[in-house]
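Peer 1: Quick one: the structure is below, questions incoming.
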Amino acid sequence: MNTILRKSMLSVAGLAFAGGVFAGPIAAHANPVDATPVAVAVQSAAPKPQGEQSHISLNDEQTANVKAIIAATKKAGLPERAAVISIATSLQESKLENLGHLGDANDHDSLGLFQQRPSSGWGTPEQITDPAYSTTAFLKGLKQVDGWQDMPLTDAAQTVQVSAYPDAYAQWEQQATDLVGQYWNS
Numbered sequence: 019m020n021t022i023l024r025k026s027m028l029s030v031a032g033l034a035f036a037g038g039v040f041a042g043p044i045a046a047h048a049n050p051v052d053a054t055p056v057a058v059a060v061q062s063a064a065p066k067p068q069g070e071q072s073h074i075s076l077n078d079e080q081t082a083n084v085k086a087i088i089a090a091t092k093k094a095g096l097p098e099r100a101a102v103i104s105i106a107t108s109l110q111e112s113k114l115e116n117l118g119h120l121g122d123a124n125d126h127d128s129l130g131l132f133q134q135r136p137s138s139g140w141g142t143p144e145q146i147t148d149p150a151y152s153t154t155a156f157l158k159g160l161k162q163v164d165g166w167q168d169m170p171l172t173d174a175a176q177t178v179q180v181s182a183y184p185d186a187y188a189q190w191e192q193q194a195t196d197l198v199g200q201y202w203n204s
């Protein structure tokens, strides 16, 4: 069971118990009350995006890269949350464009959807610019992060990417979530 949901349920149970202990003897002598069940709101287990959100319109190549990320995530047997983290990371790193060498504008030898570096052991330039390979490499790193499923997206992405801008991934969470919702079952 999700940690947030479990804590919410335990909190409600604790309040009900405490209310019964303290109000029980008094309530026993009070006038009867309407015992109609009351709906209780339970906090959603899905994390909410952090901070101000960004959004870009996608062209056909970017949409194909979203689909490639989702396909690689499914092939790895990982849940939708992994695809959301992957897509948000790629939105930040490359705007979902499979970038080759950018000359003077290049960040060291960073390439591909995730701006992975051959010199850092992510793979060869040919591998890193293959969306399926680069996504699988990112997901392999993500699976090594303890508790990635429940941590804020930007923390999970940063732990894998080790970016100079660790909070930048958060701004893409809503668009990534929407894209996964749109293409996961297609």
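Residue numbers (our numbering): 19 to 204.
For every residue, glycine included, the Cβ atom is placed at its ideal position computed from N, Cα and C.
Who does Leu157 pair with in a DSSP beta bridge?
Peer 2: Per DSSP, none; premise fails for Leu157.
Peer 1: Using the Cβ count rule (16 or more neighbours within 10 Å means buried), how would you classify Leu197?
Peer 2: By the neighbour-count rule (16 or more Cβ atoms within 10 Å), Leu197 is buried.
Peer 1: Please go through the same chain and pick out, in chain order, the residues whose beta-carbon is closer than 6 Å to the beta-carbon of Ala90, but skip the five residues on each side of it.
Peer 2: Taken in chain order, the residues that qualify are Ala150, Thr153, Thr154.
Peer 1: Is it buried or exposed, Tyr187, if we count other Cβ atoms within 10 angstroms and call 16 or more buried?
Peer 2: It is buried - the Cβ of Tyr187 has at least 16 other Cβ atoms within 10 Å.
Peer 1: DSSP three-state label for Gln134, please.
Peer 2: Of the three classes helix, strand and coil, the one that applies to Gln134 here is strand, per DSSP.
Peer 1: Roughly how many angstroms lie between the CA atoms of Leu171 and Gln145, to the nearest whole one?
Peer 2: Spanning the two alpha carbons is a distance of roughly 25 Å.
Peer 1: Tell me which residues share the same chain as Gln71 and place their Cβ nearer than 8 Å to its Cβ, disregarding the 5 neighbours each side in the sequence.
Peer 2: Same-chain partners within the cutoff: Gln189, Trp190, Glu191, Gln192, Gln193.
Peer 1: Starting from Leu171, trace the alpha helix (DSSP H) both ways and give me its first and last residue.
Peer 2: 171–179 is the span of the alpha helix (DSSP H), which, as asked, contains Leu171.
Peer 1: When DSSP builds the beta bridges, which residues end up paired with Leu114?
Peer 2: Note: Leu114 sits in no beta bridge, so no partner.
Peer 1: Could you compute how far the alpha carbon of Gln162 sits from the alpha carbon of Ser138?
Peer 2: C-alpha separation (whole angstroms): 17 Å.
Peer 1: Assign Val180 to one of two classes, buried (16 or more other C-beta atoms within 10 Å of its C-beta) or exposed (fewer than that).
Peer 2: With fewer than 16 Cβ atoms within 10 Å of its Cβ, Val180 is classed as exposed.
Peer 1: Among the residues of its own chain, which have a CB less than 7 Å from the CB of Ser104, if the five just before and after it don't count?
Peer 2: So the list reads Ile87, Thr91, Thr153, Phe156, Leu157, once near-sequence residues are dropped.
Peer 1: With a Cβ-Cβ cutoff of 7 Å, do Gly83 and Leu129 count as a contact?
Peer 2: What sits at residue 83 in the sequence shown is Asn, not Gly. It is not a contact, given that the beta carbons lie outside the stated cut-off.
Peer 1: Sorted by chain position, which residues of the same chain lie with C-beta nearer than 7 Å to Asp148's C-beta, five sequence neighbours on each side aside?
Peer 2: Contacts found: none.
Peer 1: My output table needs one value for Leu76: the three-state DSSP class, helix, strand or coil.
Peer 2: Note: Leu76 maps to coil in three-state DSSP.
Peer 1: At which residues does the alpha helix (DSSP H) containing Ala194 begin and terminate?
Peer 2: 191–201 is the extent of the alpha helix (DSSP H) around Ala194.
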